[in-house]
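Heads up, the thing below is written out as C-alpha cells.
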Amino acid sequence: SAVISQKPSRDICQRGTSLTIQCQVDSQVTMMFWYRQQPGQSLTLIATANQGSEATYESGFVIDKFPISRPNLTFSTLTVSNMSPEDSSIYLCSARPLADTQYFGPGTRLTVL
Amino acid sequence: DAKTTQPPSMDCAEGRAANLPCNHSTISGNEYVYWYRQIHSQGPQYIIHGLKNNETNEMASLIITEDRKSSTLILPHATLRDTAVYYCIVSQGAQKLVFGQGTRLTINP
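These protein sequence lines are chains A and B, in that order. Numbering of the first sequence is given in our numbering, commencing with residue 1 and proceeding in unit increments. Numbering of the second sequence is given in our numbering, commencing with residue 1001 and proceeding in unit increments.
Structure below.
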C-alpha cells in the first residue's frame, strides 16, 4: 500500500493568483495522478504525472492552466494557475505502487474568491 | 475502459448486510472490477477488487457473476461509519481509474 499526504489541506485564494499543491508518497510508486472533485460531483482525472517527462493531460485540461511536476518517484506538484471561482474544488493526488492498486491522498480543498 | 451503472442511492439498516450492485456489461477480459468509497470530505478509500473470482477481505466481499457483466459489493454487517459514496470502477490493471457517479449508501440506526 501507499500513504499519501498533501499540502496544503485547504486554502482560500484570490482570483487571478496561482496555488501549488504538493503530494508526497511514503514509498516509490510507478504512477501518480491528479484528480479534481467539484462541489457535489464525482472525481475527474486531470492528468497522469510522469516521472522525468511531461504530464499526460485528459481532455479538457491543459498544461498552461494545470502545470504538473514530478521530479522523482515519491513527489509531485499540481499548480492551479490564474484561478477563478470556477476552480473552487477538492484536488486529490493519487498513486499506484508497482503491481498494486491505486491509493488517494486526503485532498486539498481550494476556495477561490 | 468499460462503463459502469450503479443506483444513485441506497439505504440499509445498521447491523444488516449492505449489498451494492454494479452493472458493467461491456467489460473486457483483461479488465478488473474495483470498489472504492468516499466518506464525506475525505479522499477515496480502496475497498476491494477482482477479475473473475469472488474476493473477500476484512472490509467486504465482492461477488462477480460468471459472465462478468455485473457484480455486487457486500458489507456484511453495516455500521453508521459505512455511510459513504461507493464507486464501482472497471479498469485494466495498470491503467488510470475513471470514476462514475457512484451509489450514495446511507446506513440508518
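Even glycine gets a Cβ: it sits at the ideal position worked out from N, Cα and C.
From the beta-carbon of Val1033(B), no residue of chain A is found nearer than 7 Å; the closest lies around 12 Å away. Residue state for Leu73(A) is assigned as coil, using DSSP reduced to three classes. The beta-carbon distance between Arg15(A) and Ser84(A), rounded to whole angstroms, is 5 Å. This is short enough to meet the 8 Å contact definition. With fewer than 16 other beta carbons inside 10 angstroms of its own, Ile63(A) counts as exposed. When Cβ-Cβ separations below 7 Å define contact, Gly1043(B) makes contact with chain A. Listed along the chain, the chain B residues whose CB falls inside 8 Å of the CB of Gly107(A) are Ser1041, Gln1042, Gly1043. In the three-state DSSP reduction, Leu1080(B) falls in the helix class (H, G or I).
Secondary structure of Glu1055(B) (DSSP, three-state): strand. Under the criterion of beta carbons closer than 8 Å, Ile1074(B) and Ile1063(B) qualify as touching, at roughly 7 Å. Taking 3 residues as the minimum length, the beta strand (DSSP E) runs contained wholly in the segment 2-72 of chain A are 4-7, 10-13, 19-25, 31-37, 43-49, in order along the chain.
Among the residues of the segment 1090-1105 of chain B, those with a Cβ less than 7 Å away from any Cβ of chain A are Lys1096, Leu1097, Val1098, Phe1099, Gly1100, Gln1101, Gly1102, in the order of the chain.
The way I'd put it, the segment 15-26 of chain A does touch the segment 74-82 of chain A; three or more beta-carbon pairs between them come closer than 8 Å. If you check the CB distance, Ala2(A) and Ser27(A) come in under 7 Å. Close partners of Thr101(A) in chain B (Cβ separation under 8 Å): Tyr1034, Tyr1046, His1049.
Going by DSSP, Leu113(A) is part of no beta strand (DSSP E) at all; its letter is neither H nor E.
Listed in chain order, the beta strand (DSSP E) runs fully inside the segment 1002-1070 of chain B are 1009-1013, 1018-1023, 1031-1038, 1045-1050, 1061-1064, counting runs of at least 3 residues. The beta-carbon of Ser42(A) is placed less than 7 Å from the nearest beta-carbon of chain B.
If you look at Ala95(A), you'll find it in the beta strand (DSSP E) that goes 89-96. According to the DSSP assignment, Asn1108(B) belongs to the beta strand (DSSP E) that extends over 1103-1108.
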